[in-house]
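With this note's numbering applied, the sequence shown corresponds to residues 1 to 138, in that order. All C-beta atoms in this analysis are idealised placements derived from N, C-alpha and C, irrespective of residue type, glycine included. None of the values given here were measured: they were computed from a predicted structure. Below is one structure, written out as structure tokens; the observations come after it.
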Amino acid sequence: MAVSSPISATFALMGSTVGTLTGVAMGVGRAAIASGAYGFNGCLVSISLGGLFFVANSFKMVVYVMLAVVFATILQASLTTLMTPVGLPCLTLPFILITWLWIYAGSSISGLFPVDITTVTIAEDHIKRVKLAQKMTS
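Below, the structure written as structure tokens:
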């Protein structure tokens with residue numbers, strides 16, 4: 001990943017770290033933290049929102065993405081509590097729900113620039129396109 005998209009790799013590392021630390025701060029069991037479950041959804045949310053579906057072009061955007069990671073981790077802990085008694089794992093449901101929510105709300109949030117779904121590629125390409133558009137309009 002770091003070869004094809006260093007931005008996505010950076011977001012993956014940040015999302016995994018923030019997700020894991022949020023799980024620790026919430027008092028999630030040591031075994032669940034050690035399994036990597038809480039870093040996994042954070043990693044996926046961070047990659048998808050941090051350059052894939054939104055242009056990674058500001059510090060404000062990074063803050064929004066990390067906030068989404070925290071929400072995904074809270075949702076994961078909640079869904080795990082609800083689903084474990086019936087024997088179901090929550091797997092990537094927090095990632096899916098939070099990503100859908102951010103995509104749906106993203107165009108109305110100042111500082112987030114959604115990428116048209118037909119043009120989704122790597123984060124670096126989105127930034128190049130935005131810079132080119134700004135250059136052409138100025």
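Selected residue, minimal CA-CA separation from residue i, among the options
| i | options | result |
| --- | --- | --- |
| residue 68 | 80, 11, 28, 116 | 11 |
| residue 6 | 131, 75, 124 | 124 |
| residue 79 | 106, 28, 105 | 28 |
| residue 43 | 31, 113, 24, 20 | 20 |
| residue 46 | 116, 100, 35 | 100 |
| residue 66 | 50, 77, 75, 81 | 50 |
| residue 114 | 103, 138, 121 | 103 |
| residue 75 | 60, 134, 23, 2 | 23 |
Simplified DSSP state of residue i, which is helix, strand or coil
| i | result |
| --- | --- |
| residue 85 | helix |
| residue 54 | strand |
Whole-number beta carbon distance between residue j and residue i, since they are thought to touch under 8 Å
| i | j | result |
| --- | --- | --- |
| residue 111 | residue 38 | With 8 Å as the limit, residue 111 and residue 38 do not qualify as a contact, their Cβ atoms being about 26 Å apart. |
| residue 72 | residue 109 | Wrong, their Cβ atoms sit about 16 Å apart, outside the cutoff. |
Extent of the continuous alpha helix (DSSP H) to which residue i belongs
| i | result |
| --- | --- |
| residue 123 | 123-137 |
| residue 46 | 37-47 |
| residue 14 | 6-25 |
| residue 95 | 93-106 |
| residue 32 | 30-34 |
Any non-hydrogen atom of the ligand GTP within 8 Å of residue i CB
| i | result |
| --- | --- |
| residue 28 | As for the ligand GTP, it is missing from this structure, which has no ligand bound. |
I want to know whether the segment 120-138 touches the segment 52-61 - three or more CB-CB distances under 8 Å. yes
Could you check whether the segment 80-88 touches the segment 11-22, counting it as contact only if at least three pairs of C-beta atoms, one from each stretch, sit closer than 8 Å? As far as the Cβ criterion goes, the segment 80-88 does not touch the segment 11-22, which means the pair count is below three.
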